[in-house]
Amino acid sequence: ILNVEQSPQSLHVQEGDSTNFTCSFPSSNFYALHWYRWETAKSPEALFVMTLNGDEKKKGRISATLNTKEGYSYLYIKGSQPEDSATYLCALRYNFNKFYFGSGTKLNVKP
Amino acid sequence: NAGVTQTPKFQVLKTGQSMTLQCAQDMNHNSMYWYRQDPGMGLRLIYYSASEGTTDKGEVPNGYNVSRLNKREFSLRLESAAPSQTSVYFCASSETNWQGNTEAFFGQGTRLTVV
Numbered sequence: 708i709l710n711v712e713q714s715p716q717s718l719h720v721q722e723g724d725s726t727n728f729t730c731s732f733p734s735s736n737f738y739a740l741h742w743y744r745w746e747t748a749k750s751p752e753a754l755f756v757m758t759l760n761g762d763e764k765k766k767g768r769i770s771a772t773l774n775t776k777e778g779y780s781y782l783y784i785k786g787s788q789p790e791d792s793a794t795y796l797c798a799l800r801y802n803f804n805k806f807y808f809g810s811g812t813k814l815n816v817k818p
Numbered sequence: 013n014a015g016v017t018q019t020p021k022f023q024v025l026k027t028g029q030s031m032t033l034q035c036a037q038d039m040n041h042n043s044m045y046w047y048r049q050d051p052g053m054g055l056r057l058i059y060y061s062a063s064e065g066t067t068d069k070g071e072v073p074n075g076y077n078v079s080r081l082n083k084r085e086f087s088l089r090l091e092s093a094a095p096s097q098t099s100v101y102f103c104a105s106s107e108t109n110w111q112g113n114t115e116a117f118f119g120q121g122t123r124l125t126v127v
């Protein structure tokens, strides 16, 4: 069992604020780190997959970085919008096809 | 495309009752998973199946059994439900594409309450 930790647990920001949150994990051999976006009453949807140290991915206003040596990944949202409100899950894919999830960061963006 | 379909969406059981949660995917994925989601604990892996005919325990397998009936279907059975099994259950499937990337796709969840 791998311990994947996310912080903060929840975050409340105003529309237009930029924000970031952290996923930390043991610096061990793994296949990939995944970020998911999970809206209430829906199922998680994939945002990014990162595999290499120094990887950076971007999708619109959302970007993510990966540091495998120190065991963390950051997710950034630039200019948050109310529709960004969701829980953001980080998962480590280990042992080829086993996903270990963190407990998520719940983001609430107030208009 | 339906993707990953779970049934039922909601269920209330009495302690000691049994039930089976059904999951089917139409994406021809080899790997399938059952997770449970509890407040403050994210998604915890109950069982997974790397391919048809194989199943393996995850982090929290006690009190559950699974069957990989065929490539499409992966069911989760509670033989004697307990209040501690009150949770939201998610089925997922995954496949590795030609680029070597693996992505998991989730069902809509089953909200189970054991009273």
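Chains as they are written, first to last, in our numbering: chain A, 708 to 818; chain B, 13 to 127. Positions of the beta carbon are idealized from the N, C-alpha and C atoms, including for glycine. Being a predicted model, the structure only gives us computed values, none of them experimental.
Among residues of its own chain, excluding the 5 on either side of residue 68(B), which ones have a beta-carbon nearer than 8 Å to its beta-carbon?
Looking up residue 68(B) in the second sequence gives position 56. Around residue 68(B): 59, 60, 61, 62.
Among the residues of its own chain, which have a CB less than 6 Å from the CB of residue 772(A), if the five just before and after it don't count?
Here residue 772(A) corresponds to residue number 65 of the first sequence, with the count starting at 1. Same-chain partners within the cutoff: 763, 781.
If I measure Cβ to Cβ from residue 759(A) and keep anything under 8 Å in the same chain, skipping five residues before and after, which residues do I get?
The residue you call residue 759(A) lines up with position 52 of the first sequence. Residues of the same chain with a CB within less than 8 Å of the CB of residue 759(A), apart from the 5 flanking positions on each side, are 773, 775 in chain order.
Taking 9 Å as the CB-CB limit, is residue 815(A) close to chain B?
As a first step, residue 815(A) must be located in the first sequence, where it is residue number 108. Contact with chain B is absent for residue 815(A), since none of that chain's Cβ atoms lies less than 9 Å from the residue's Cβ.
How far does the beta strand (DSSP E) with residue 846(A) in it reach, from first residue to last?
Look at the range of chain A in this structure, 708 to 818, and you will see that residue 846(A) is not part of it.
At the level of alpha carbons, what is the spacing between residue 90(B) and residue 71(B)?
In the second sequence, the residue the question calls residue 90(B) occupies position 78. In the second sequence, the residue the question calls residue 71(B) occupies position 59. Taking the straight line from one Cα to the other gives about 16 Å.
Are the segment 37-44 of chain B and the segment 98-105 of chain B touching, with three or more C-beta to C-beta distances below 8 Å?
yes
Just by C-beta distance, which residues in the segment 43-61 of chain B are closer than 8 Å to chain A?
43, 45, 47, 52, 53, 54, 55, 56, 57, 60
Report the three-state DSSP secondary structure of residue 29(B) (helix, strand or coil).
On the second sequence, position 17 is the one that residue 29(B) refers to. It is coil, neither helix nor strand.
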